[in-house]
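Residue numbers for the sequence shown follow this note's numbering, beginning at 1456 and rising by one.
Don't be surprised by glycine CBs; every beta carbon is placed ideally from N, CA and C.
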Amino acid sequence: MDPQFILTFLSFLLILYFFLFFKKKTTNNAQNLPPGPRKLPIIGNIHELGGFSQHVVLSNMSKKHGPLMHLQLAEISAIVVSSSSIAKLVYKTHDLAFSDRAQVQVSKIILDGCKDVVFNRYDDYWRQMRKICTVDLLTSNKVKSFRSIREDEAWSLVESIKNSLDSPTNLTHKFCSLANSITCRAAIGEKSKYQDELIHSIEAMAFLGGGFDIVDLFPSYRFLHVFSSVKSQLKRIKSRLDDIFFNIIKEHEAKRATTKDRDGFVAGEEDLVDVLLRVQEKNGLSFPITSKNIQGVICDMLTGGTDTASNVLDWAMAELIRNPEVMKKAQAEPEDLDMTDVLGATLKRKASLMLMATTYI
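Printed below as a string of structure tokens:
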């Protein structure tokens, strides 16, 4: 590596260190923080979170420093809770004190200053949108109305696996595709022509949002944008999402305009965009819902409804492979059925699909 570059970089770190040191001295803000590992200048404890098993690292650190631990991530002060009793205090007893959200770059750029639910500040607007999600979007009847979508996509998954019996199947990719398709169809409608492009953009947003961005760790130093390409990537994704949602919302508005009985959608044809447009037409909302709000809520639904569901299926399959006895119990009920005793008809039972671990490249 060029010695000139190394010298320049070290000089920059030294200047930044002294600047932060004197800034901390002038604030003179005494804080009663939980115990935690020793911090390095400038970066704090970031160096201790390297690798791909951060949960293991945090677990080992909590055994040494206690169930309530403080980490300094550059300028960000973080608290790690590793005890169910303390978690109850955080999420239940003192929930208002911990209810605010961190303002990260991905939410500021793509969600137009956090005009969604997940990243928005805890305020009256957030309470209104949470109520809409609870009362209108995620009711038991609304979830049941999407049953045909879940069944259709599940059968497509089974057929896809059955048709590839002679070759390895990457279940992680299959489950991710399943969750994406179900959530997307429920959100924007049956087999929308924008589905693939929307899923691709949401995946790109989630990838950048879950990664490392130096600007989020040093929020007071705007010049660090120069050293990060994340901002330009997020702006490109935002531009694509804006175009996609503009077309989706316009199509839904046109569909509603040509429907004489708008409440007829409630019978089972409403997707989540239709529901939000219906709520938008109501009078009496403290904060009128805009197209940007609809875009933000749908982005929340797509990001929150895919990773969690696909990861649960992933872990379930991993546990079945790891525990053959459990797999036998899961297969016992359908295998024990008498397939010949159905209204006097004789049926031929096909061989069951077997789950086998294999190396996938």
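Just the Cα atoms here: how many angstroms apart are residue i and residue j?
{"i": "T1713", "j": "H1707", "result": "10 Å"}
{"i": "T1463", "j": "V1559", "result": "29 Å"}
{"i": "V1752", "j": "K1518", "result": "38 Å"}
{"i": "A1787", "j": "A1659", "result": "41 Å"}
{"i": "Q1583", "j": "P1743", "result": "10 Å"}
{"i": "D1729", "j": "G1506", "result": "43 Å"}
{"i": "N1483", "j": "R1677", "result": "Because the pLDDT of N1483 is 44, which lies under 50, any placement of that residue in the model is unreliable, and the number read from its coordinates should be weighed accordingly. Rounded to the nearest angstrom, the two C-alpha atoms are 24 Å apart."}
{"i": "L1740", "j": "W1581", "result": "13 Å"}
{"i": "M1782", "j": "L1620", "result": "19 Å"}
{"i": "F1601", "j": "L1593", "result": "11 Å"}
{"i": "A1634", "j": "P1623", "result": "20 Å"}
{"i": "P1489", "j": "S1514", "result": "16 Å"}
{"i": "F1682", "j": "A1641", "result": "39 Å"}
{"i": "A1722", "j": "N1618", "result": "Low confidence applies to A1722: its pLDDT is 47, below 50, so where it sits in the model is not reliable, and the reading given next is rough at best. So the two alpha carbons sit approximately 36 Å from each other."}
{"i": "S1538", "j": "T1589", "result": "29 Å"}
{"i": "E1614", "j": "R1605", "result": "14 Å"}
{"i": "H1549", "j": "K1543", "result": "9 Å"}
{"i": "E1725", "j": "R1711", "result": "10 Å"}
{"i": "D1616", "j": "E1780", "result": "Asp is not the amino acid found at residue 1616; the sequence shown has Ile there. One C-alpha to the other measures close to 23 Å."}
{"i": "K1690", "j": "K1563", "result": "10 Å"}
{"i": "D1762", "j": "H1655", "result": "14 Å"}
{"i": "F1662", "j": "L1727", "result": "24 Å"}
{"i": "W1610", "j": "N1766", "result": "19 Å"}
{"i": "K1737", "j": "S1603", "result": "29 Å"}
{"i": "I1776", "j": "A1785", "result": "12 Å"}
{"i": "G1746", "j": "L1495", "result": "Reading off the sequence shown, one finds Ser at residue 1746, where the question assumed Gly. About 45 Å."}
{"i": "D1651", "j": "C1631", "result": "13 Å"}
{"i": "H1680", "j": "N1778", "result": "48 Å"}
{"i": "T1801", "j": "K1599", "result": "The predicted model places T1801 with a pLDDT of 44, which falls under 50 and marks its position as unreliable, so this point remains unresolved."}
{"i": "S1540", "j": "H1510", "result": "19 Å"}
{"i": "G1568", "j": "S1647", "result": "27 Å"}
Using a Cβ-Cβ cut-off of 6 Å (strictly less than) and excluding sequence neighbours within five positions of residue i, which residues of its own chain qualify?
{"i": "N1748", "result": "K1570"}
{"i": "Q1735", "result": "I1744"}
{"i": "G1664", "result": "V1561"}
{"i": "G1760", "result": "T1638"}
{"i": "L1653", "result": "I1699"}
{"i": "N1596", "result": "none"}
Grab me the residues of residue i's own chain with a C-beta within less than 7 Å of its C-beta, minus the 5 sequence neighbours each way, in chain order.
{"i": "P1492", "result": "N1500, E1503, M1516, H1520"}
{"i": "L1757", "result": "T1638, C1639, A1642, I1657"}
{"i": "I1587", "result": "V1734"}
{"i": "L1612", "result": "K1629, L1633"}
{"i": "D1591", "result": "V1730, V1734"}
{"i": "P1674", "result": "E1530"}
Can you list, in chain order, the residues of its chain with a C-beta nearer than 8 Å to that of residue i? Leave out the 5 residues immediately preceding and following it.
{"i": "C1754", "result": "I1565, L1566, D1571, I1657, M1660, L1696"}
{"i": "Y1649", "result": "I1643, I1699, N1702, I1703"}
{"i": "A1709", "result": "none"}
{"i": "D1579", "result": "S1741, F1742"}
{"i": "A1533", "result": "H1525, L1526, Q1527"}
Can you tell which of the options has its C-alpha closest to the C-alpha of residue i?
{"i": "D1671", "options": "I1531, N1702, M1524, E1608", "result": "I1531"}
{"i": "L1551", "options": "R1576, V1536, S1562, K1563", "result": "R1576"}
{"i": "E1608", "options": "V1590, V1573, N1596, E1645", "result": "E1645"}
{"i": "K1705", "options": "L1528, K1784, L1732", "result": "L1732"}
{"i": "V1545", "options": "L1523, T1763, S1675", "result": "L1523"}
{"i": "N1487", "options": "L1768, I1587, H1525", "result": "H1525"}
{"i": "I1441", "options": "E1652, A1529, Q1509, V1511", "result": "A question about residue 1441 goes unanswered here, because the residues of the chain that appear run from 1456 up to 1816."}
{"i": "V1512", "options": "V1535, L1495, P1496", "result": "V1535"}
{"i": "A1764", "options": "S1540, N1596, S1636, K1599", "result": "S1636"}
{"i": "Q1750", "options": "V1767, V1573, K1597, K1737", "result": "V1573"}
When you compare the CB of residue i with every CB in chain C, is at least one pair closer than 9 Å?
{"i": "S1532", "result": "Within the model displayed, chain C is absent; a lone protein chain is all it includes."}
Cβ contact (3+ pairs, closer than 8 Å) linking the segment 1626-1636 and the segment 1768-1784 = yes
Entirely within the segment 1612-1696 and at least 3 residues each: give me those beta strand (DSSP E) ranges in chain order.
-> none
Any chance the segment 1692-1699 sits against the segment 1549-1558, with 3 or more Cβ pairs inside 8 Å?
-> no
Taking 8 Å as the threshold, find out whether the segment 1663-1670 comes into contact with the segment 1684-1692 through three or more Cβ pairs.
-> yes
Counting only runs of 4+ residues fully inside the segment 1558-1608, write out the alpha helix (DSSP H) ranges in chain order.
-> 1560-1565, 1579-1587, 1595-1600
Which runs of the alpha helix (DSSP H), 4 residues or longer, sit entirely within the segment 1506-1538?
-> Counting whole runs of 4 or more residues, the segment 1506-1538 contains the alpha helix (DSSP H) stretches 1509-1520.
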